[in-house]
Each structure stands twice: as C-alpha cells, then as structure tokens.
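Protein chains in written order, with my numbering: chain A, 76 to 177; chain B, 76 to 177; chain C, 76 to 177; chain D, 7 to 326; chain E, 7 to 326; chain F, 7 to 326.
All C-beta atoms in this analysis are idealised placements derived from N, C-alpha and C, irrespective of residue type, glycine included.
Below you'll find the structure, written out as structure tokens, and then a few comments.
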Amino acid sequence: MALRIPLRKVTIIAERVLRDDLITLIKERGASGWTLTMVEGEGSRGIRASEWEGRNIQIDTLVSSEVAETIMDEVGRRYFKDWSVIVYVADVEVLRKDKYIG
Amino acid sequence: MALRIPLRKVTIIAERVLRDDLITLIKERGASGWTLTMVEGEGSRGIRASEWEGRNIQIDTLVSSEVAETIMDEVGRRYFKDWSVIVYVADVEVLRKDKYIG
Amino acid sequence: MALRIPLRKVTIIAERVLRDDLITLIKERGASGWTLTMVEGEGSRGIRASEWEGRNIQIDTLVSSEVAETIMDEVGRRYFKDWSVIVYVADVEVLRKDKYIG
Amino acid sequence: MNALTDNLISPVVLCFVLGIAARWIKSDLAVPEPLYQGLSIYLLLAIGLKGGSALAVTPGGDLILPGAVTLALGIITPVSAFFLMRRCGRLGVEDAAAVAAHYGSVSVVTFLAAVEAVKRTGVELEGFLPALVAVLEVPGIIVALLFANQAGTGKGSWKKALHEVVTGKSIVLLLGGLLIGWACGPQKLEDVQPFFATAFKGALCIFMIELGLAAGKRLRDAGRAGLRLLILGCIIPVLHGVLGVSAGLLAGLSPGGAAVLGAMAGSASYIAAPAAVRVALPGANPAYYLTLALGITFPFNLAFGIPLFQTLANHFSLWL
Amino acid sequence: MNALTDNLISPVVLCFVLGIAARWIKSDLAVPEPLYQGLSIYLLLAIGLKGGSALAVTPGGDLILPGAVTLALGIITPVSAFFLMRRCGRLGVEDAAAVAAHYGSVSVVTFLAAVEAVKRTGVELEGFLPALVAVLEVPGIIVALLFANQAGTGKGSWKKALHEVVTGKSIVLLLGGLLIGWACGPQKLEDVQPFFATAFKGALCIFMIELGLAAGKRLRDAGRAGLRLLILGCIIPVLHGVLGVSAGLLAGLSPGGAAVLGAMAGSASYIAAPAAVRVALPGANPAYYLTLALGITFPFNLAFGIPLFQTLANHFSLWL
Amino acid sequence: MNALTDNLISPVVLCFVLGIAARWIKSDLAVPEPLYQGLSIYLLLAIGLKGGSALAVTPGGDLILPGAVTLALGIITPVSAFFLMRRCGRLGVEDAAAVAAHYGSVSVVTFLAAVEAVKRTGVELEGFLPALVAVLEVPGIIVALLFANQAGTGKGSWKKALHEVVTGKSIVLLLGGLLIGWACGPQKLEDVQPFFATAFKGALCIFMIELGLAAGKRLRDAGRAGLRLLILGCIIPVLHGVLGVSAGLLAGLSPGGAAVLGAMAGSASYIAAPAAVRVALPGANPAYYLTLALGITFPFNLAFGIPLFQTLANHFSLWL
Ligand SMILES: Nc1ncnc2c1ncn2[C@@H]1O[C@H](COP(=O)(O)O)[C@@H](O)[C@H]1O
Ligand SMILES: Nc1ncnc2c1ncn2[C@@H]1O[C@H](COP(=O)(O)O)[C@@H](O)[C@H]1O
Ligand SMILES: Nc1ncnc2c1ncn2[C@@H]1O[C@H](COP(=O)(O)O)[C@@H](O)[C@H]1O
Ligand code: NA
Ligand code: NA
Ligand code: NA
C-alpha cells in the first residue's frame, strides 16, 4: 500500500489583490507549498473591485493540523472585515515523497 | 481554536453552456455563494459540443447538508440524461466570518 | 435522498510536460474520467523548467479505493524522483448517474 | 484544374492545411483560446464594418431583392438539409434537425474564402455582401429547431436557444459592425482601416490555423460518422451552392456576388449554430453536426465548392 | 449640436456603445481577459512611444509650464473631488477619499478620445501631451489617500498602495514608452510605427467594446449609487474640465491642447486608481468609485465633456 | 563603441530592457500567457513566410553550401558546449548535456535582432536566412541528448523527447511558414504582408517585454549558478559566433549574412530546447540551462555579441 500522511488541505478564496500577501502569510505560518487557481465567484459581499480587476484566486495548501489552525485564524483576523475572503479546510492523505525518492 | 462550521462542498462539473442555469439552480436551492473554475475533462460520454465550444466548468458551493441534498438531486434530475455533467460532495469545515467581523 | 457512491478523489499536481503521460497512466490504471485545471504553485523543489514553460496542471480523478491505491503508487514510483509532482487523496460521494438516466 | 490549384495555393488555405497537418503529426501547436476568441471578434467586426460602409453608399432599393433571396435561402436550405438527413442520412428527428440548423446558417470563414477567391480573379464584387451574411445567419437555425419542436423531441429550452442565437456574439458583432460602418460611412472609417482592412487577411491566416487544428480533430472522427454522412457532407453544399448561385444571379447580383452567395448557402455554420443547437437539442449527438460542418463541408467548400460556384456563376450568367 | 453628434459618430465611440448595448441585451459577447490586458499594454506603450518621440524634438523649456500646471491639477482636483463627495455626496471619509483618488488621476482612454476629437477638427496638437498624462496619473491618487490616512481610517497598507501606484503596469508602460520614444527619437521609431501608430485606432475600437461591456455592467448599478452621486458624476468632470482648459491656455497650450488637458483633468481613472484604492482603502465601497468613474463620468465625457471642452477652449483662447 | 550604443538604442532592445527593469522594481507588469503564445505563433510564422518566399526566388544551388555549413554548426556547437560545461563548468553529464542542447539549437529572437542590426547598417542580406534557422534548430538538441544517452544517465523518454523536438510548435510553424511562403511566392503573399511584415517589428517589441521580464527573473538567479557558469555564458557565444561568422563567409554568404549566422550559432535556444530537455533529461537542473540561455547568453548577444559578429564579419570578409 502506498504510504500516506494525513494532512489538512486549507483552501482560501480571495480577491486577486491579496495574492502576494496570502502566499507570504501561509509560508510564514509554516506551509511548505501552495497551489493557486484563478477562479470566479459570488458570495455574501456586494459589488467588489475585483469585478473590474478580474477574477478571484483560490489557494490550496497542504499542511499539518496545527498549521491549518494558525493559518485559518490569521486569515480570518486579518482579512474577514474588509475583504472578500472565505477559508475552509478538509482532510486529505498525501503520498509520502521520501518513500519513492529515498 | 478557530471557529468553524461543518458544511458540505458540492462540486458540479459540466459543459460550459450550462453555466448560468447551474448558478441559478444552486442559488434557488439555497446556496449563498459559489466558486467557478474553468477546467478540461473527459468522462463516460463521447464527443461533446463542448470540445469545440471550449472547456468545462467546475462549480463548488459550500452548503448545509440538506441544501447539498436538494442541489444534487435537482442537478441529477435535470441534466444527467442529456448533458455531460457529474456531481460529488465532500465534507469541509468553513471558518465562521461572524467571529472576526462581529 | 440522492443516491451516491463513496469514491476516492485522487489529485495530482505536476509540471505541464507530464500532462499526456499522467492522463494515460490514470486511464490505464482504471480511471473512467478526469478533470484538469491549470494552476500555479510552489513546493519543495527549487527552480523548475515549468517556470518558463508556464503553469502546473492539477488532475482530479474520481476512482474506487483500489484504483486510487494503484494510481498513487504508480505516480510516486515513476515521477517522484525527477519531477515536480505531488499526489493526495480524499473521500467524496458521487451522485449515481444510472438512477437518473435509467 | 488550374483554377482549382490556384485557389488552393493561397496563404489562407495553406494555413488551414498547416493546422490539419499539425494535428495529424500530433504537434503541440495550439492557438490559445483567448486569442482565438479575440481573432473571431476582430474578423466579425471587420466584416461588419466593411459591409456597413458599403451599405452607406448603396441605394436601399438595390438591397431588397438580394436580401429577400437570401432570406428565402435561409428558409429553404434547412428544410432540404433536414429531409436529406432523415431520408438518406437515416438520422433521427433530433439529430437531423441539429444538422439542418448548421446547413441553414452560414460559415463566415467560407464567405471570406469565397470573397478572396473571387477577388483574385479580378472580378468586381458587391460591397454589401456582408449584410447578406447577417441576414442568412439566424433564420436557418430557427427553422431547423422548429422541426424538432414540432416532433416534440426538443427537450431543451426554446427560449434560451433563441436568445442564444439572436444575442450570440457572432450576430451582435456582425450587426454591430454593419451599423457602425453604415453610420460612419467610408470616410470616418479611414482611420481604422489599417487595423481592420489592411491587416485582415494576415489575421485570418492565424485563425485558419486554429480551424485546421479543429477540423483535423474532426476528420479523425469522420470515420465514425459513416460513409453515408460523409457523402451527404459533400452533396449538400453542392446542392445548396447551386441554389445560391442561381438565386443570386436571378436577384441581379454580379457573377462574383452570386458565386459568393452560393458559397454562403452551401456552407455550414460552426460558430453560431453549435451553441444554439447544444442548448435547444441537447439530445442530438454533436459527433454528427460538428463532424459534418467542420470536418467535411468546410474543407470541401474550401477546396472544391468555391471554385465550382465561381465556374457555375460565370456559366449561368451567360444564359441570363 | 452638430459638433456633438459629429463627435459621437466615430468608430471608437460607437464601439463603446456597442459594448453597452451588448451587455444590455445580455449577449455573451466578451473580450477575453488576456486580450484586454494585451490591448492595454499595447495602448499604453504606443501612447508613451508617441509622446516620447515628440519630447525628443521639443525644447525642454516648452515643457516646464505645462508640466507644472498639470502637476497643480493633480493636486487640486482630488481635493475638490474629496470635499464635493463629503459635502454634496454625503460619503464617509474613506469612500470620499477613494472617489477623490479616481478623479485626481486620469483616464487614458478619455485622453485618447479627446485627442481624436480635436484632430478630427483639423486643429494642431502639442505632441508631448502623453507626457502630461504620465505627470497627472500618480499625484492625485497619493493626495487623495492622504485624506483617508489623516483621518485615520485608512486601514490598508500605505506602503503597498504606493508601490502599487508607482510600479503599476500603466505607469511603467507609459513612462517606459516615453523613455524609449525619447531615446530613439522619431527616426528609429519608424520601423515600429505601422504597429504602434497606424494600427492604433483600430485596436482602440476593440478595447472600447470591452470598456462598453464593463460600463454597461456599472450603469445597471448606477441606480443604487443614488441620484445625488449621479449628478456629481456629471458636475465634477465639467468643473475639473473647465479648470483644466483654463490652466492649459494660461500655460501656453494651443486651444486643442488645452481642450485635451481639460478632458484629462475632468476624467476619472479606472485602471491605476482602483487597484491602489483597493489596497489602501479596503473599507471603501467599490460600488461608489467604480460606478462613478466607469459608469457615469467616462461616458459623460465621451458624449458631452469632450465637445464642451473643445468649445470652451476655442472661446477662452479668443480672450487671451 | 558608437556602433555598440547605436545597436542598443532601438525600440526592440529597449523593450527588452523595460521588461528587465519592470521585474527589477517588482512591477505587476506581465504579458498574459495566451498573448505571449499568440505572439510566438505570429513571429515564427512570419519568419517562415518571409524565408519561404525568398526560397521561391533563390536558385537551389545557392542553398547547398550555406545549408551544409549550418548543419555542421548544429553538430559541432553542442559538442563544444558539452565539453566546456564538463571541463570548465564542472557540471555532471546530464546537466552538461542539457546546457549543450540549448547552445546547439538557435534562439529565434537573437536571429531577428541580428537581422535588424545588420539591416540598420544598410547592408544587404540573403533572404533565405530563415531557412537556415529551421536547419539549425533541431540537430543540436539531438546531438546533445545523445551524450546523456550514451552515458546512460538519460532516464527520460527518448522517443518522447524526439517527438517533442520535431513536432514542437516552433519547428512546425517555422517549417510550415517556409513551405507556405515557398509555395505561394512573393506575389501571393502580398495580401498578408501588412500583417506579417509591416507590423512585425512592433509586435516583436511586445514579445521583448515578456522576454525581458523572464530574463529579469533569471538574472536574479544568476548568482546561484556561480561565476564559473556566468563567464562560460559569455565565452561560449563568442566562440560559437566566431565559428559561425567564419563558416558563413567560407560558405559564400555576404558579410551581413555571415554576421547573422554567427549570431545564430552563438545563441542558445530558450523555446524549443527547454521543452525537449525537460522530457529527455528530467534530472538535469533547469536552473543551469535556463539561466545560461535566457539570463546570460541572450542579453549578452543582444548587447555585445551581435555588434561583435558584425565587426568580425566585415573584417574577415576583407581577407577572403
Ligand atoms: N457558499 C460558498 N460556496 C462557494 N464559494 C463561496 C461561497 N461563498 C463565497 N464563496 C467564494 O468566496 C468569494 C468571496 O466570498 P464573499 O467574501 O462572501 O464575497 C466569492 O467570490 C466566492 O468565490
Ligand atoms: N471519474 C472522473 N473523475 C474526474 N472527473 C470526471 C470523471 N468523470 C467525469 N469527469 C468530469 O466530468 C465531465 C463530464 O463527464 P461525463 O458526463 O462522464 O462525460 C468530464 O468532462 C470530466 O471533466
Ligand atoms: N504543501 C503543498 N500544498 C499545496 N500544494 C503543494 C504543496 N507542495 C507542493 N504543492 C504543489 O505541487 C507542485 C509540485 O511540488 P514540488 O514537487 O514539491 O515542487 C507545486 O508547484 C505546488 O503546486
Ligand atoms: Na448554409
Ligand atoms: Na482627473
Ligand atoms: Na547556437
């Protein structure tokens, strides 16, 4: 059986202007990688600058449970008031690289 | 610990022409938001108009368990016969906005 | 209640050059479909040709638990040493098509 | 024969062939989708502007007969395509209607290729022909969808399909361009001519590469559609083309204009029609209509149809 | 009146109208984002090159007064916009500052439309005007953000906002183009003129379609912004425009140049400003500033502002 | 020295510098990927068409010697680059082979810059040079990959790498363009010249901005590659360039043509080679080959290599 580590996948969907900030944030809080997708979306907020500016971004990062906790809390604290942002988390099992490279 | 609500993430992958219809459908059934990604794909159906028309769309919506139920059922009923569509659902925990904005 | 099958969603994030290879691989190992998204990302590896070549790809495929196992193992074995690739898996419930088309 | 190869050896046609060849050798050549969409915006607007500025200097009376004849073609061609597909093609009602919608409408690129071919022979052309493209684009699709509706097989949304056709970007840009061109007239358009007129044929080359890539993909599927359909994909354009040429000459068009009208009538839409058909007739199999329109009839017209219609128009015109 | 309709009946303006109309009938017409971005790179670079090559042949002394006057406009207009929005528009400090940043900066497309309008009347224009666009782009945004900062409501990052404005692609391309154009001079630019100069106005048409689509979206929201703001969206451009025209004439610009400077001062930025404001003033409601800049003031200037500034510049110049 | 700055002060080169500068100040300027891809399709096709139409009017015999000499360069340059990288660069077999593949192939943009530079001096050029670009593109990559294969370190798929090179879009468009241009001849190409020829140099400017942005990114990594490699990245182009100039003159090319062939030989591919190398030699570190090709050798050639090759070609030709 393939060897896997249970991790948490934190997903952040946000306005495009926050791109660099969010990447810095998750890396500072302990994420070793991230994957970004350009998306569109609609949520509870009204008209947003991003409508003109273009699409939203979705950042997925695979992290440990504790790192997930810190990232979510930090994103909530920094961005929920003024920005169009949502964050959610899910369980995933990640294939261990060392087993194959080692 | 960051406060989170357990929700269901419903994912619909479909031909591009269904875009507006699907968004209307999920909003009518109770979704408060959605995120759309342009994707490509292959499934059990053969040649599709969308090959010429371009890529598929993927719609993710975070909803309660009951809303997920209704949306999935409705999508299946309306589109499974004639269209290239799949739907699946997964568990996620969404960070509560009120805790930060309040 | 909508009828659903519990399946595994295998997600592969990789350099763009591996696109055709990976699709062939997952189909050979038993996947009946796949969905591909263009993404960007950063991981444990350093500079990659893909920086110049452009973005990464993300392939999601809904498969049975056993197929998931084989695909993950195979991807790890073939690509983990030399390529920029990660693989993870999650649980999802997929709406059964036959119930609606039948 | 000489006219035939002469028609084929042009940058525009050869770029189409390059696209097919690239697909064939499994090259990674691809025209990015946003660029392809940008080019189609450009081409449609350019055609509209050109036609519109010609309309501005054409007496209204000269347009009535050609317009009426074009409208008639838009009603007759889907009907004949439908019955041919039912009888000879042995398709079901929904599939036949879907195919008919494509043959009832018009392929803008076939129109352009015909205009080029005629111009290369030094023959004069009516400037208002792009306006006829706009006239021919919509009715055929509607007529064809009526068949499926009548047979009760159209499960898709009619209202949405109609909206799709009428507000589709190809008709909006074509009509919009016609109106702008007509309102501005040739003089005020002069500033934008280097972009929309002079650069036009080169831009068309890039577009043709993508069409070639797409047609190449379809050609590989052509086998699956069956010999029966393959043959129909060559007969229908000839039939409709002859009809178009004759109608054009009777309506008083020049031989060149009649040849172009023939190419228009003989062509099958692969931009406006597929979108509308997918919405209105989701049960119809795209393998049929896309393969026929893009994989067979378009290359057929490019290679054989257009020179044929030119020859016919020249011969027929002598009898009038 | 005749001058007014004459100003409106041009391919560039009508393409904007086409965009609005397409949005209105819910057409699926859309300029793909990469193409839109590509066009904006092209337009900004082209403007810069043109202005730069003019700078290369303009004695430095001729630039001091117009440059100083433009800088002054960049400081005065955000102040007046801020107070009008606070008093008459009844907006909060953050929202008023956000709107002021837009009116303090300049809309490049309004500039282009004004240049076209003046050229169509056969009047000569100073070639260095694009350099004034670069001068006017940044200061107004900074002044406006200072208001919010002073009031302590700017929760966003100042440093990042400043970086955003100064290294934003619009200023980089404009300044870069100016420098390249200046370094190369008219002669060395000759090779790239067919692309950057001759094709310019046609390319602008495609850009205008997208602006029309975006403005059409905003126009639908205009109701929500309230009548009060709607009226301000028409009064501010007139006020600033008159200021700009007068300042231009006093600085020794030709009537044509003064009219263009008026249009610049009267315009509201919708490329550089929104990005900076979103970063610096995240609490400000984009509904206000985007609707005003793109939904109201831009079309207003296109239709009424520019001909008004032309007329005023002609009249005022007689008194000097 | 004067010739040097004169070479550098051109819109094309300065747009490259603008790209580097924009990256340096962390501007958000970016050429969207689809646009960049579209531009590369355009440039390659345009080069092909031009070369092809020249081939149509060149006697076949005139091509044999230059073609043979170019092929020889395609075999010699990867070998010399491989050994220099092994010995002086102290790279492993796989990394050295990867770098050699880049130096063995040709950079299309360096070719274009060289053509421009020569033309600016008023010197005539052989029209068939683009055909030599096509000849030089592929063999070098294959030769270089053979080294790794022989050493048994090439774990990647050989077959796939070969397919990648031969059917890669750059070779398909170049060869396709050559064939189309040759089949059509100068006359039939006239219609597409405003798009493919007149607009060419302006479009190249936009492409150069993106290359500048990419090179700017690489320049920041250049430190990591080590001084040793930096120096090699400047020595190899000179070495290969001198070889190319001499070979060109011996093959009977004009001094201008020989200078261009020198620039071609001295250049390192950064479009075709990286894709093939990534597939064939996944273990090779892209930091080496991308930094050398795009970060060092390309700017080096643009600034110093091309004027050097021009001077050498002029001097050498006097001795013949
Ligand atoms: N219920 C939801 N399901 C999926 N995506 C959502 C949902 N709510 C918000 N989003 C995404 O998050 C972005 C910001 O949401 P908001 O801050 O609520 O405007 C939206 O543009 C959507 O892309
Ligand atoms: N097993 C699968 N795994 C992932 N995506 C799938 C799968 N099956 C279908 N899809 C996606 O759903 C779309 C429609 O599927 P279908 O209706 O089966 O043709 C495809 O184009 C894929 O994007
Ligand atoms: N921790 C992570 N979370 C999310 N995505 C990741 C993570 N690590 C790597 N990736 C993605 O996988 C790609 C390859 O990773 P790597 O092989 O580690 O360079 C990256 O470019 C990212 O898109
Ligand atoms: Na037709
Ligand atoms: Na202003
Ligand atoms: Na070389």
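- Ligand 1 never approaches T86 (chain C) closely enough for any of its heavy atoms to be under 6 Å from the residue's Cβ.
- CA-CA distance, G182 (chain D) to R130 (chain B), rounds to 27 Å.
- I88 (chain C) has a beta carbon lying within less than 7 Å of a beta carbon in chain A.
- Look at A221 (chain D): its C-beta is not under 7 Å from any C-beta on chain F.
- Shortest Cα-Cα distance from Q199 (chain D) to any of E:D12, E:A257 and E:V18 involves E:V18.
- Remark: the shortest separation between the CB of T127 (chain F) and any heavy atom of ligand 2 does not fall under 6 Å.
- L49 (chain E) and A36 (chain D) have their alpha carbons spaced roughly 26 Å apart.
- At a cut-off of 7 Å between C-beta atoms, E117 (chain C) counts as an interface residue with respect to chain A.
- Runs of the beta strand (DSSP E) lying entirely within the stretch 258 to 315 of chain D and spanning at least 3 residues: none are present.
- Taking M113 (chain B) as reference, the option from B:I101, B:R94, B:S139 and B:A106 with the minimal CA-CA separation is B:R94.
- Taken through DSSP and simplified to helix, strand or coil, I15 (chain E) comes out as coil.
- Per the C-alpha coordinates, the member of A:L100, A:A165 and A:D157 positioned closest to S139 (chain A) is A:A165.
- Distances taken from the Cβ of S33 (chain F) to the heavy atoms of ligand 3 include none shorter than 6 Å.
- The C-beta of P305 (chain F) comes no closer than 7 Å to any C-beta of chain C.
- Distances from the CB of T99 (chain B) to the heavy atoms of ligand 5 are all 6 Å or more.
- The beta-carbon of G105 (chain A) is placed no less than 7 Å from the nearest beta-carbon of chain C.
- Contact with chain B is found for V164 (chain A), since one of that chain's Cβ atoms lies less than 7 Å from the residue's Cβ.
- Three or more beta-carbon pairs separated by less than 8 Å are not found between the stretch 57 to 67 of chain F and the stretch 10 to 29 of chain D, which leaves the two stretches without contact.
- Of E:L14, E:L324 and E:D34, the smallest CA-CA separation from V178 (chain D) is found for E:D34.
- W188 (chain F): not part of any beta strand (DSSP E); member of the alpha helix (DSSP H) spanning K175 to L195, first to last residue.
- Checking the DSSP bridge columns, you'll see M113 (chain A) partnered with A:I132.
- The DSSP assignment places no complete beta strand (DSSP E) segment of no fewer than 3 residues inside the stretch 99 to 168 of chain D.
- A residue is called buried once 16 or more other Cβ atoms fall within 10 Å of its Cβ, and G54 (chain D) is buried on that count.
- Taking a contact as a CB-CB distance under 8 Å, the pair V105 (chain D) and Y276 (chain D) does not count as one, their CB atoms being some 12 Å apart.
- Relative to the Cα of N13 (chain E), the nearest Cα in the group D:I302, D:L308, D:K194 and D:L210 belongs to D:K194.
- Nearest to L151 (chain D) by C-alpha distance, out of D:K175, D:A282 and D:L298, is D:A282.
- For a cut-off of 8 Å, the C-beta gap from P136 (chain D) to G191 (chain D) is around 15 Å, too long to register as a contact.
- Counting C-beta pairs closer than 8 Å gives fewer than three between the stretch 239 to 246 of chain D and the stretch 206 to 219 of chain D, which falls short of the contact rule.
- In the pairwise beta carbon analysis, the stretch 261 to 275 of chain E is classified as not touching the stretch 297 to 310 of chain D: fewer than three pairs are separated by under 8 Å.
- Bounds of any beta strand (DSSP E) do not take in A36 (chain F), whose DSSP letter is neither H nor E.
- In the three-state DSSP reduction, R153 (chain B) falls in the helix class (H, G or I).
- F:K125 is the residue among F:E196, F:A78 and F:K125 whose C-alpha sits nearest the C-alpha of Q316 (chain F).
- Counting every other CB atom within 10 Å of its CB across the protein chains shown gives E130 (chain F) a total below 16, marking it as exposed.
- Chain-order list of chain C residues neighbouring G289 (chain F): K156 and D157, by C-beta distance under 9 Å.
- Taking a C-beta distance under 7 Å as the contact criterion, T110 (chain C) and I88 (chain B) qualify as a contact pair.
- The distance from the Cβ of E143 (chain F) to that of S111 (chain F) is about 6 Å, consistent with a contact at the 8 Å cut-off.
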